[in-house]
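Numbering (this note's numbering), first residue to last: 15 to 147.
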């Protein structure tokens, strides 16, 4: 078996996403309490969530610096409703200089997809996207 054959098997394997956090307990409050993800397992250094069948591991990292780009996102059917729900939950939508965002903070991509960004308590940039198709 070649390495390419072995690697092609990853296409059939379940994906696990990782999000670095400073504190697993406060991250649990946000991701489960505010965003509604389900906790599957918690260890002293990580919390595993179920995001609609995809495992997301919130990994506690001592020396952490959030990145200025999106690290995780969700596809939603109604972005306006989602943005309003986030705002009501106390999660502000990020605005970026030089990007044309509507009153809700939603940007329309050239493809027609609509995107809004927000941050978790650790400053990780997250997004919601409504597909144009």
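Even for Gly, the Cβ is constructed at its ideal location relative to N, Cα and C.
Distance check for residue 87 and residue 141, CA to CA, integer angstroms please.
4 Å
Where in the segment 20 to 74 do unbroken runs of the beta strand (DSSP E), each at least 3 residues long, occur, reported from the N-terminal end onward?
30 to 35, 52 to 56, 60 to 65 and 68 to 74
Looking at C-beta atoms only, is the number of pairs between the segment 65 to 77 and the segment 27 to 41 that lie closer than 8 Å three or more?
yes
Name, in chain order, the residues that DSSP records as bridge partners for residue 87.
141
Taking 8 Å as the threshold (C-beta atoms), are residue 107 and residue 101 in contact?
yes
Residue 101, enclosing alpha helix (DSSP H) - first and last residue:
93 to 102
6 Å CB neighbourhood of residue 127 in its chain, flanking five on each side removed
143, 145 and 146
Can you tell me the Cα-Cα spacing of residue 82 and residue 16, whole angstroms?
38 Å
Quick check on residue 64: buried or exposed, where buried means 16 or more other Cβ atoms within 10 Å of its Cβ?
exposed
Any idea what DSSP makes of residue 78, helix, strand or coil?
coil
Does DSSP classify residue 115 as helix, strand or coil?
strand
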